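Peer 1: In terms of the UniProt record's numbering, the sequence shown opens at residue 1 and continues consecutively. For each residue, glycine too, the CB sits at the ideal point set by N, CA and C. Every value quoted in this text rests on a predicted model; they were computed, and no experiment measured them.
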Amino acid sequence: MNDLPYLNGYPADLVERVRRLMAQDRLGPWLESQYPTHHAIQTDKALYQYVSELKQRYLKNTAALSKVYFDNRQNPVKGTLGTNTFVSRPQGGKLKSKNEIRITALFRAAPEAFLRMIVIHELAHLKEKEHNKSFYQLCCHMDPRYHQWEFDMRVWLTWREHASSRAEGQ
């Protein structure tokens with residue numbers, strides 16, 4: 001069983017490096033040195049504005065967003081850091097669609113790069129539904145640092161979980 005579930009699929013040498021930094025209590029300081037600033041986006045309204053600005057910049061011709069908000073019910077351990085919901089309903093003689101983006105509430109306390117990474121990920125689903133080559137190319141088009149941020153965000157989630165389990169054990 002993997003004791004670092006957020007890092008499944010990454011090369012063993014990277015996972016081992018993270019494991020060593022955790023054992024030496026150096027992972028938190030390393031993350032702080034890499035991502036020293038946090039964002040001020042704390043409300044659903046501010047998140048909607050942030051997402052809308054990115055959408056306008058990179059995905060002007062995609063469907064409008066009806067709702068964007070922080071969701072307290074999403075569970076990162078189960079793999080849900082954000083969701084993009086598409087709902088189509090008949091309304092009169094037309095088909096009305098709604099697009100909603102939900103971001104896990106823990107991103108309120110995350111470095112801005114990690115919030116940006118998950119927003120880019122969910123916005124890319126407006127154009128590409130599957131996690132395929134085109135999807136990741138679109139993510140990298142919106143920000144070339146996407147893959148590094150995704151890995152570092154997974155390291156951050158690992159560190160948070162490790163720190164909270166150590167605090168509970170004391």
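Smallest Cα separation from S52: which of L123, E161, N132, H131?
Peer 2: L123
Peer 1: Can you give the Cα-Cα distance for H162 and R20, rounded to whole angstroms?
Peer 2: 13 Å
Peer 1: With DSSP run on the structure shown, which of helix, strand or coil describes K45?
Peer 2: helix
Peer 1: Can you check whether the CB of K129 is closer than 7 Å to the CB of T62?
Peer 2: no
Peer 1: Work out the CA separation of A105 and I17 for me, nearest whole Å.
Peer 2: Ile is not the amino acid found at residue 17; the sequence shown has Arg there. Near 28 Å, if we compare the C-alpha coordinates of A105 and R17.
Peer 1: Under a three-way DSSP split, which group does R57 fall into?
Peer 2: Correct three-state label for R57: helix.
Peer 1: Run through the DSSP bridge pairs and tell me what P111 is partnered with.
Peer 2: H38
Peer 1: Check whether the segment 105 to 117 and the segment 143 to 162 touch, using three or more Cβ-Cβ pairs below 8 Å as the test.
Peer 2: yes
Peer 1: Considering only their Cβ atoms, is the gap separating W156 from L47 smaller than 7 Å?
Peer 2: no
Peer 1: Please name the residue, chosen from V15, G28, S134, I101, that lies closest to K45 on a Cα-to-Cα basis.
Peer 2: I101
Peer 1: Quick one: what's Q91 bridged to in DSSP?
Peer 2: K94
Peer 1: Residues in its own chain within less than 8 Å of D143 by CB, not counting five upstream and five downstream?
Peer 2: The beta carbon of D143 sits closer than 8 Å to the beta carbons of R116, M117, I120, W149 from its chain, once the five residues preceding and following it are set aside; these are given in chain order.
Peer 1: Taking the straight line between their C-alpha atoms, what separation do you get for Y10 and L4?
Peer 2: C-alpha separation (whole angstroms): 11 Å.
Peer 1: Please list, in chain order, all residues of the same chain as M1 whose beta carbon is under 6 Å from its beta carbon, the five residues on each side excluded.
Peer 2: With a pLDDT of only 40 at M1, under the threshold of 50, the placement of this residue in the model should not be trusted; the figure read from the coordinates follows. If we look at M1 and ignore the five residues flanking it on each side, it has no Cβ neighbours.
Peer 1: Leaving out five residues before and five after I41 in sequence, what residues of the same chain have Cβ atoms less than 6 Å from its Cβ?
Peer 2: L47, Y50
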